[in-house]
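Heads up: the structure comes next, in structure tokens.
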Amino acid sequence: MDVVAPASHSEWLVPIVHVRKQNGKLRICADFSTGLNRALQSFDYTLPMLEDIFASLNGGAISSQIDLSDAYLQLELSEESKKKVVINTQKGLFRYNRLPFRIKIAPGSFQQVMNKMVTGLQGVATYLDDILVSGRNEQEHRENLLTVFGRIADYGFKVRLDKCTFSRPEIRYLGFILDKNGRRPNPEKIEAIMNMDEPKNILQLRSFLGMITGWLLYICAIMKNLRGPLGAFLKKEVKWRWSSQEHEAFEKLKEALSSDANLAHCDPQQKIVVAADACDYGIGCVISHRYEDGTEKPIAHASRSLSAAEKKYSQIEKFRNTPQIGLWDGLLFCLVMILTGQVDGLSRLMQKHQDADEDVVVAAVENDVSRLLKDCIRRLPLTREDVRDSTARDFLLKNIMSNVRSGKMAKDEL
Numbered sequence: 001m002d003v004v005a006p007a008s009h010s011e012w013l014v015p016i017v018h019v020r021k022q023n024g025k026l027r028i029c030a031d032f033s034t035g036l037n038r039a040l041q042s043f044d045y046t047l048p049m050l051e052d053i054f055a056s057l058n059g060g061a062i063s064s065q066i067d068l069s070d071a072y073l074q075l076e077l078s079e080e081s082k083k084k085v086v087i088n089t090q091k092g093l094f095r096y097n098r099l100p101f102r103i104k105i106a107p108g109s110f111q112q113v114m115n116k117m118v119t120g121l122q123g124v125a126t127y128l129d130d131i132l133v134s135g136r137n138e139q140e141h142r143e144n145l146l147t148v149f150g151r152i153a154d155y156g157f158k159v160r161l162d163k164c165t166f167s168r169p170e171i172r173y174l175g176f177i178l179d180k181n182g183r184r185p186n187p188e189k190i191e192a193i194m195n196m197d198e199p200k201n202i203l204q205l206r207s208f209l210g211m212i213t214g215w216l217l218y219i220c221a222i223m224k225n226l227r228g229p230l231g232a233f234l235k236k237e238v239k240w241r242w243s244s245q246e247h248e249a250f251e252k253l254k255e256a257l258s259s260d261a262n263l264a265h266c267d268p269q270q271k272i273v274v275a276a277d278a279c280d281y282g283i284g285c286v287i288s289h290r291y292e293d294g295t296e297k298p299i300a301h302a303s304r305s306l307s308a309a310e311k312k313y314s315q316i317e318k319f320r321n322t323p324q325i326g327l328w329d330g331l332l333f334c335l336v337m338i339l340t341g342q343v344d345g346l347s348r349l350m351q352k353h354q355d356a357d358e359d360v361v362v363a364a365v366e367n368d369v370s371r372l373l374k375d376c377i378r379r380l381p382l383t384r385e386d387v388r389d390s391t392a393r394d395f396l397l398k399n400i401m402s403n404v405r406s407g408k409m410a411k412d413e414l
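Under the UniProt record's numbering, read the sequence shown as residues 1 to 414, first letter to last.
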């Protein structure tokens, strides 16, 4: 793979840095932070959200993980781009022929290619150079895997076999352990948190809270409320005094991270339950699946502490500030859901004003699903292949294209 080639000069010249890879080899990278990255226009292609990735793998009992060798370097640059990515080494100038690491457009550009490669495939998710393939059984998994390898071959990508895993009931992916029941944090990723001693001052407490922040969406909402007593020390007017209450919260937070409790994969075929609650110092909500046997399993959690002003709110006003619902648009959009919560005050308010001859019916609220679905369909992206195929089937457009190419137009066709 001709990654670099000698160059005589360049408008942009960047130094090199050395990064040691996990296998012990050195990776030579260009330090584009010296100027080129600031001059480049951003390529705002959003990386997939973890919730979307996990939802696409729902029902997978057997999984395989495929790692592409050297990731970005498998994408060839245009001739114009090659002139701008020149590195200065002790052996002279060299230009990149392929997409280098550490250039700011690389992640978005590579993810766009990966998404295009797996478009239309079932049980497949990609995050940069990591491809996950799942199936409900051995046969389906094998078919999905062969289809993915066919796409990889069509794109000319190479796979690094020593970093691939095949046909596993559970697999480690993006910091989690995934199986047919759901996902849980990978113990290897939280080992540093589990080995932390009790904080002795504010700085150590900030370090601990910072490390667990990224995992708060994946532990029980009740356990996340334990962060409240610890977070109180971060306020300027609060003096440091570590007591048994803080010790218990510290230990239970670590225990919650290390538990085997799974978050279930989102399944649009199952009932969705959205529950919210509030207490004196925090508010939270949880999305769950309610199965046919009556059991519920959480899909996602969210919670936050209340500010000093919010703590003075009435219980109903606290419910109004339930956090994170906007982050779950991808899960809740166009789905019928059941909203639950402790609204005892509202129930009495309804009883006070109801007419004596009428029954009060409390039910789940159903949105106008038909309208939303139609709007979603109208917004679906079209590919060039879709436009080309539809044009080829349209009698009028075929005649117009034929006449444009020939330069002739019959009078009866005008």
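Glycine included, C-beta positions come from ideal geometry on N, C-alpha and C.
According to DSSP, is residue i helix, strand or coil?
i	result
residue 130	strand
residue 359	Model confidence at residue 359 stands at a pLDDT of 42, short of 50, so the residue's coordinates are unreliable; what they give is reported in the following sentence. In this structure, residue 359 counts as coil in the three-state DSSP scheme.
residue 314	coil
residue 232	helix
residue 265	coil
residue 210	helix
residue 7	coil
residue 193	helix
residue 183	strand
residue 243	coil
residue 415	Residue 415 cannot be examined here, being either before or after the span of the chain that is shown, 1 to 414.
residue 387	helix
residue 404	helix
residue 365	Residue placement at residue 365 cannot be trusted, given a pLDDT of 38 that sits under 50; what the coordinates show is reported in the next sentence. Correct three-state label for residue 365: coil.
residue 417	Not covered by the structure: residue 417. The range shown for the chain is 1 to 414.
residue 99	coil
residue 40	coil
residue 399	helix
Please tell me whether residue i and residue j are closer than 8 Å, where the distance is taken between their beta carbons.
i	j	result
residue 285	residue 55	no
residue 100	residue 7	no
residue 47	residue 127	yes
residue 134	residue 123	yes
residue 125	residue 53	yes
residue 311	residue 280	yes
residue 212	residue 253	yes
residue 289	residue 270	yes
residue 66	residue 131	yes
residue 264	residue 297	yes
residue 93	residue 190	no
residue 68	residue 160	yes
residue 109	residue 208	no
residue 495	residue 229	The structure shown does not extend to residue 495, since the chain is modelled only from 1 to 414, so the question has no answer here.
residue 174	residue 50	yes
residue 240	residue 202	yes
What does the Cβ neighbour count give for residue i, buried or exposed, with the cut at 16 atoms within 10 Å?
i	result
residue 119	exposed
residue 182	buried
residue 115	exposed
residue 84	buried
residue 195	exposed
residue 453	Residue numbering for the chain in the displayed model covers 1 to 414; residue 453 lies beyond these limits and cannot be assessed.
residue 187	exposed
residue 36	buried
residue 148	buried
residue 87	buried
residue 129	buried
residue 111	buried
residue 185	buried
residue 291	exposed
residue 287	buried
residue 227	buried
residue 24	exposed
residue 396	exposed
When you measure from the CB of residue i to every non-hydrogen atom of the ligand ZN, does any distance come out below 7 Å?
i	result
residue 163	This structure does not include the ligand ZN; it has no bound ligands of any sort.
Does any residue of chain B bring its CB to less than 8 Å from the CB of residue i?
i	result
residue 155	Absent here is chain B; the protein component of the structure consists of one chain.
What are the complete alpha helix (DSSP H) segments, minimum 4 residues, inside the stretch 101-157?
106-117 and 138-155
Do the stretch 177-191 and the stretch 90-106 make contact, defined as three or more Cβ pairs closer than 8 Å?
no
Return the chain-ordered ranges of every beta strand (DSSP E) run that is complete within the stretch 269-311 and spans a minimum of 3 residues.
271-278, 282-290 and 296-305
Check whether the stretch 161-178 touches the stretch 75-82, counting contact only when three or more Cβ pairs, one atom from each stretch, lie closer than 8 Å.
no
Spell out a yes or no on whether the stretch 133-140 and the stretch 54-71 are touching, meaning 3 or more CB-CB pairs, one atom from each, closer than 8 Å.
yes
Below 8 Å, how does it come out for the stretch 3-20 and the stretch 31-43: are there three or more Cβ pairs, yes or no?
yes
Ranges of the alpha helix (DSSP H) found wholly within the stretch 43-83, counting only runs of at least 4
50-56 and 79-82
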